[in-house]
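K.L.:
Chains as they are written, first to last, in UniProt numbering: chain A, 1 to 340; chain B, 1 to 744. Mind looking over this structure? Questions follow.
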Ligand SMILES: Cc1cc2nc3c(=O)[nH]c(=O)nc-3n(C[C@H](O)[C@H](O)[C@H](O)COP(=O)(O)OP(=O)(O)OC[C@H]3O[C@@H](n4cnc5c(N)ncnc54)[C@H](O)[C@@H]3O)c2cc1C
Ligand code: SF4
């Protein structure tokens, strides 16, 4: 870890200005990811701008019936917020499936979006990694890649985005409000994270210096028929091998609207709108779910140690859609969702 | 009624309050004056040469005191034997910073010392070393044909016994047969507390090393030999340990580096390893096991063959007893056991809780399950039919063995009789597959030479000490119980001290022998003190004990009294007061009684019953229930003993389902070297764990009748779970851990 200076910003423009005024600066939220990366010398900022005291911790209703999640609200406060619990239970479940209570108490919503991949090689300076050091090569390709991506990979990088919260967000489709040296703008969640392509060092579409201000959830919340299913190597405190956020609207047994997003499969939370369209108008049956799952994984590609993820993802999609249709997530399986 | 009978009682940890209040100090918590900090730089390559160390670049940073590397290490002891510790395997021990050779990935290649931790860490991150890489080989699979039989082993290692009967023919002719290979990868001990040493440099040139170790004397002799220090000039202390599991049996490189830097800089130096570096100094080796079992029509074993091959380093032949147990756990007249090592460019493996037996019991006990199914027998019934009445390896009777009672009581507790034999035949209400499996094992009951001293002050407070280790097992507590009971005192009137080379010598804390070894020394010492106290009591005016011999009296409830007439008593404190002495002291030691023990085989045993629930569609396994029935002689403290076995069971679940250090052979480097990706169970993985002790009366093993409880509980847990997974799913997984991908 290198020496750094520190500024605790009190207003959004103060934070943006302070960061722009330092050549090698980073925002810091809860620090649960950034500090680890600094200890491993993966990130070496020389100036930190703390966002912890910014007035961005509120969770408030929006005039259009949606809900605004402040960027600096903690993951725990977000998950346990009454509005979130009652209206966006999918988000509540996804957040609680992640990390541990201690981490969720520290982690912020903005930081969660921007947490970096858990690729072993990315974390270990002894090995080449295009994301850490563009052009050095990707060690995971042909290496140990059990936790790596099966969709949307590139020859430069096969890393996954590790967040649980973001998988639910991908399904719920909020907008990300940001503020930067060039002013304020909104980014559709779907456009926020990116695929690696030939620039794996870029995780997202933020411009330099931009600060996340809030996540604005639309009114539509799928509070009746939803499921967040997370499969991992132990019952808690492990990143997803595969996770699925499924949300349905039903009339009788007919699906009228659907959302489907996957975690642990790609460089970004993987929402599949074609699959969602395939679900619409169909009966909520095992056959429908199987067909849709096959479609989602049509172009999936294993890398060796992660080949199993293709079949696992297929089964997980079917299970999550079934749970969503049954509305059975709340009677949650103690073994699969034992976090809260 | 006696209130000072403590042995066997579920006494709470006497060191508990110090631990939960933070009063207990660990190696990295001795804030000695003028402390400096060392940060270890580790090699990114697995094999090659260091061609340059750009020390000058970081020496210029304010606060940096020195960069130690092979380029500037002073000349130290020359011969290999000086670097050999008590538990070193055969070969040439690794010498940190000795020369420019890199022998394994993450080898310590430099130590940066600075006035603050932050500067040391920063400087270490900037230190540039240049390497010339050689081709390495780290994959055991490539060495299948290059195994060799170790000619030399470390203390406690026994080559497998020669074959008995006609194992090949018997296997060929057996009506039921199985053969299979079993595999598990490397595992690292990963105690919560990081390895650390605070080397305090005294003005007179003496060193006190507060070191994380399971054996202070072992570290002391290592340091004195290497650095040419006199014993009096090198004190080693370890009062508390946040877990060891074998990782602290050998002196680790942080103690070498801290003491080296302290002597060179004439300053106190602390070196704490990082979590990543915890994967660089020894592991349970990646092991391949091959088993062939044959069974007669009546369900008795006709043949048993067990062969193991595991990795070792290029420079030491690490050995553990993997296969020997298979020659003694079951009755079989045709047995062949084989054991080989293969050299790889890795660091030397290291004893990890129940070394060898934990591994061997995975092979043997899964094979026994496969054999039971092939022979159409219930796996418990199959074991009962092959019960070993004597140790066929040694051709000796057991000093005691209540494994049969473990089978029966464990099965009853678990409800084994409700099991249906066919795989996939049991389900829960939610439709999940249920599997019930069994496993077990056998472990040595040994005693090592130990010494202790005791001192009682006029106020009646007893202090007993011995340089034993306490890595969280309960040593403080059971020694306090033994001492208090021997002299008839309440627990609060006794203080036990350990982990300090200023105290009488004790062996490293391993092999589950501490209770037997140090416990007996404590007992003997307190008895010696008792004898002195009796003499003093007899000198008292009108003493009712006049003429009594030691055998005639007992120490109970703070009194010395006649066994035949409890009313004839004197109060211990009165004795001390009357004697005019400020304190009375005694020391003594204990050795195993070879003559008594020679005719016997001395072992502890266990059997494990496990229940799993499997979500077949998703490949997830949960261990919902485990019963572990243990026969380990006399249990000194039900509470701490149970905790030991609970910990073992958690570790067994870990080994069965999640724990593995994964190597990328391209780099010859462990890649999941952190707590986030090296998975051990969390609370949510642990459900109903039930421990059952079957007490054994055994005055052959040692006067206390204890066999040690630290390791036996781990045996067979992983196998029982793997067998339960088979019973649930019909899938036989032979490479552990059984992660999701293996069940899809
Ligand atoms: C052991 C462990 C296990 C975990 N397990 C899981 C898991 O199972 N599932 C899961 O989803 N997550 C898991 N996490 C990750 C955790 O959710 C993230 O670390 C956390 O959400 C990051 O939030 P933070 O506020 O601490 O971010 P920080 O570490 O402070 O920052 C992360 C990044 O975001 C940037 N940043 C922070 N706030 C802003 C902002 N407002 N605007 C712009 N940039 C910003 C920082 O500059 C930095 O680059 C785990 C973490 C650990 C350490
Ligand atoms: S997958 Fe991406 S993050 Fe991992 S080594 Fe390759 S380039 Fe680096």
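Note that the Cβ used here is the ideal one computed from N, Cα and C, for glycine as well. The structure presented is a predicted model; accordingly, all values stated were derived computationally and were not measured.
Give the straight-line distance between the Cα atoms of residue 22/B and residue 250/B, rounded to the nearest whole angstrom.
P.N.:
Numbered from its first residue, the second chain carries residue 22/B at position 22. Numbered from its first residue, the second chain carries residue 250/B at position 250. Residue 22/B and residue 250/B: Cα-Cα distance of roughly 27 angstroms.
K.L.:
Please list the partners that residue 658/B has in chain A, where partner means a Cβ-to-Cβ separation under 7 angstroms.
P.N.:
The residue you call residue 658/B lines up with position 658 of the second chain. Proximity of chain A to residue 658/B at the Cβ level (cut-off 7 angstroms) is accounted for by 233, 234, in chain order.
K.L.:
Going along the chain, which residues of the segment 287-317 of chain A sit with their C-beta nearer than 9 angstroms to a C-beta in chain B?
P.N.:
305, 306, 307, 308, 309, 311, 312, 315, 316
K.L.:
Within the chosen definition, does the segment 357-371 of chain B reach the segment 415-423 of chain B through at least 3 CB pairs nearer than 8 angstroms?
P.N.:
no
K.L.:
Do residue 163/A and ligand 2 come close, with the Cβ less than 8 angstroms from some heavy atom?
P.N.:
Position 163 of the first chain, counting from 1, holds the residue named residue 163/A. False, no ligand heavy atom lies under 8 angstroms from that Cβ.
K.L.:
In the segment 103-158 of chain B, which residue ranges form an unbroken beta strand (DSSP E) of at least 3 residues, counting only runs that do not cross its ends?
P.N.:
108-114, 129-133
K.L.:
Using 8 angstroms as the cut-off, classify the Cβ of residue 371/B as near or not near the heavy atoms of ligand 3, replying yes or no.
P.N.:
Among the ligands present in this structure, namely ligand 1 and ligand 2, ligand 3 is not found.
K.L.:
Name the chain B residues whose beta carbon is nearer than 9 angstroms to that of residue 137/A?
P.N.:
On the first chain, residue 137/A is found 137 positions in, with the first residue counted as 1. For residue 137/A, no chain B residue has a Cβ inside 9 angstroms of its Cβ, as the nearest lies near 11 angstroms away.
K.L.:
Here's a check: name, in chain order, each residue in its chain whose Cβ is nearer than 6 angstroms to the Cβ of residue 61/B, leaving out the five neighbours to either side.
P.N.:
Indexing the second chain from 1 puts residue 61/B at position 61. The residues are 123.
K.L.:
Spatial neighbours of residue 662/B within its chain, please: CB distance less than 6 angstroms, with the 5 preceding and 5 following residues excluded, ordered by chain position.
P.N.:
In the second chain, counting from the first residue as 1, residue 662/B sits at position 662. Closer than 6 angstroms at Cβ, skipping near neighbours: 671, 672.
K.L.:
If you measure between the beta carbons of residue 160/A and residue 171/A, is that distance less than 9 angstroms?
P.N.:
By one-based count along the first chain, residue 160/A stands at place 160. By one-based count along the first chain, residue 171/A stands at place 171. It is not a contact, given that the beta carbons lie outside the stated cut-off.
K.L.:
Run down chain B in chain order and give the residues with a C-beta less than 7 angstroms from the C-beta of residue 143/A.
P.N.:
The residue you call residue 143/A lines up with position 143 of the first chain. In chain order: 664, 666.
K.L.:
Given a cut-off of 9 angstroms, decide if residue 270/B and residue 110/B are closer than it, judged by their beta-carbon atoms.
P.N.:
Along the second chain, one-based indexing puts residue 110/B at 110. Along the second chain, one-based indexing puts residue 270/B at 270. No, the pair does not count as a contact, with Cβ atoms beyond the cut-off.
K.L.:
Using a Cβ-Cβ cut-off of 9 angstroms, state whether residue 196/B counts as contacting chain A.
P.N.:
The residue you call residue 196/B lines up with position 196 of the second chain. When Cβ-Cβ separations below 9 angstroms define contact, residue 196/B makes no contact with chain A.
K.L.:
Taking its Cβ as the centre, do 16 or more other Cβ atoms sit within 10 Å of residue 594/B, making it buried, or is it exposed?
P.N.:
Reading the second chain from its first residue, position 594 is the one you call residue 594/B. Answer is exposed; the Cβ neighbour count stays below 16.
K.L.:
Beta carbons nearer than 8 angstroms to chain B: which residues of the segment 101-129 of chain A have them?
P.N.:
118, 120, 121, 123, 124, 125, 126, 127
K.L.:
Heavy atom of ligand 1 less than 8 angstroms from the Cβ of residue 40/A, yes or no?
P.N.:
What you label residue 40/A is simply residue 40 of the first chain in a count that begins at 1. Not so, every heavy atom of ligand 1 lies at least 8 angstroms from the Cβ.
K.L.:
Can you confirm whether the segment 228-240 of chain B touches the segment 493-503 of chain B when touching is taken to mean that 3 or more C-beta pairs between the two stretches lie within less than 8 angstroms?
P.N.:
Pairwise C-beta distances place the segment 493-503 of chain B in contact with the segment 228-240 of chain B, as three or more of them are shorter than 8 angstroms.
K.L.:
So, using beta-carbon positions, are residue 733/B and residue 744/B closer together than 9 angstroms?
P.N.:
Counting from one through the second chain, the residue named residue 733/B turns up at place 733. Counting from one through the second chain, the residue named residue 744/B turns up at place 744. Against a cut-off of 9 angstroms, the Cβ pair of residue 744/B and residue 733/B comes out as no contact.
K.L.:
Can you give me the Cβ contacts of residue 495/B inside the same chain, cut-off strictly under 8 angstroms, excluding the 5 residues immediately before and after it?
P.N.:
Translated into the one-based positions of the second chain, residue 495/B becomes position 495. Contacts found: 461, 462, 463, 464, 480.
K.L.:
Per DSSP, what kind of secondary structure is residue 95/A in: helix, strand or coil?
P.N.:
Sequence index remark: in the first chain, residue 95/A carries index 95 (1-based). Residue 95/A: helix per DSSP, three-state reduction.
K.L.:
Counting pairs of beta carbons, one from the segment 84-91 of chain B and one from the segment 639-654 of chain B, are three or more of them closer than 8 angstroms?
P.N.:
Judged by Cβ distances under 8 angstroms, the segment 84-91 of chain B makes no contact with the segment 639-654 of chain B, as fewer than three pairs qualify.
K.L.:
Is any heavy atom of ligand 1 found at a distance shorter than 8 angstroms from the C-beta of residue 491/B?
P.N.:
Within the second chain, the letter at position 491 stands for residue 491/B. Answer for residue 491/B: no, Cβ out of range of ligand 1.
K.L.:
Ignore the nearest five residues each way along the sequence and tell me which others in residue 52/B's own chain have a CB closer than 6 angstroms to its CB.
P.N.:
Here residue 52/B refers to the residue found at position 52 when the second chain is read from its first residue. 130.
K.L.:
Could you tell me which of 640/B, 608/B, 616/B, 642/B sits nearest to residue 781/B, measuring between CA atoms?
P.N.:
Residue 781/B lies beyond the stretch modelled for chain B, which goes from 1 to 744, so this question has no answer here.
K.L.:
The segment 466-496 of chain B: which residues have C-beta closer than 8 angstroms to a C-beta of chain A, in chain order?
P.N.:
none
K.L.:
Counting only beta-carbon separations shorter than 9 angstroms, does residue 3/A have a partner in chain B?
P.N.:
Taking the first residue of the first chain as 1, we reach residue 3/A at position 3. Residue contact with chain B for residue 3/A: present (Cβ-Cβ distance below 9 angstroms to some residue of chain B).
K.L.:
Which residue marks the beginning of the alpha helix (DSSP H) containing residue 649/B, and which one marks its end?
P.N.:
Residue 649/B sits at position 649 when you count from the first residue of the second chain. That run of the alpha helix (DSSP H) goes 638-657.
K.L.:
For chain A, find out if any of its Cβ atoms is closer than 9 angstroms to the Cβ of residue 286/B; answer yes or no.
P.N.:
Here the question's residue 286/B lines up with position 286 in the second chain. False, the Cβ-Cβ gap to chain A never drops below 9 angstroms.
K.L.:
Just to confirm, does residue 391/B get its C-beta within under 8 angstroms of one of the non-hydrogen atoms of ligand 1?
P.N.:
Within the second chain, numbered from 1, the residue matching residue 391/B stands at position 391. No, since every heavy atom of ligand 1 falls outside the 8 angstroms radius drawn around the Cβ of residue 391/B.
K.L.:
Figure out for me which residue from 138/A, 46/A, 30/A has the closest Cα to the Cα of residue 3/A.
P.N.:
Locating residue 3/A in the first chain gives position 3, counting from the first residue. Residue 46/A holds the alpha-carbon nearest to the alpha-carbon of residue 3/A among 138/A, 46/A, 30/A.
K.L.:
At the 9 angstroms Cβ level, is residue 328/A part of the contact set with chain B, yes or no?
P.N.:
Position 328 of the first chain, counted from the start, is the residue given in the question as residue 328/A. So no, residue 328/A is outside the interface.
K.L.:
Quick check: is any heavy atom of ligand 1 less than 8 angstroms from the C-beta of residue 210/A?
P.N.:
For the purposes of this step, residue 210/A is taken as residue 210 along the first chain, with counting starting at 1. Yes; taking the cut-off as 8 angstroms, the Cβ of residue 210/A has a heavy atom of ligand 1 nearer than that.
K.L.:
Just to confirm, does residue 166/A get its C-beta within under 8 angstroms of one of the non-hydrogen atoms of ligand 1?
P.N.:
Within the first chain, the letter at position 166 stands for residue 166/A. The answer is yes for residue 166/A.
K.L.:
What residue range is occupied by the uninterrupted beta strand (DSSP E) comprising residue 362/B?
P.N.:
The residue you call residue 362/B lines up with position 362 of the second chain. Element bounds for residue 362/B: not the beta strand (DSSP E) but the alpha helix (DSSP H), 357-374.
K.L.:
Between the segment 422-434 of chain B and the segment 596-607 of chain B, can you find at least three pairs of beta-carbon atoms closer than 8 angstroms?
P.N.:
no
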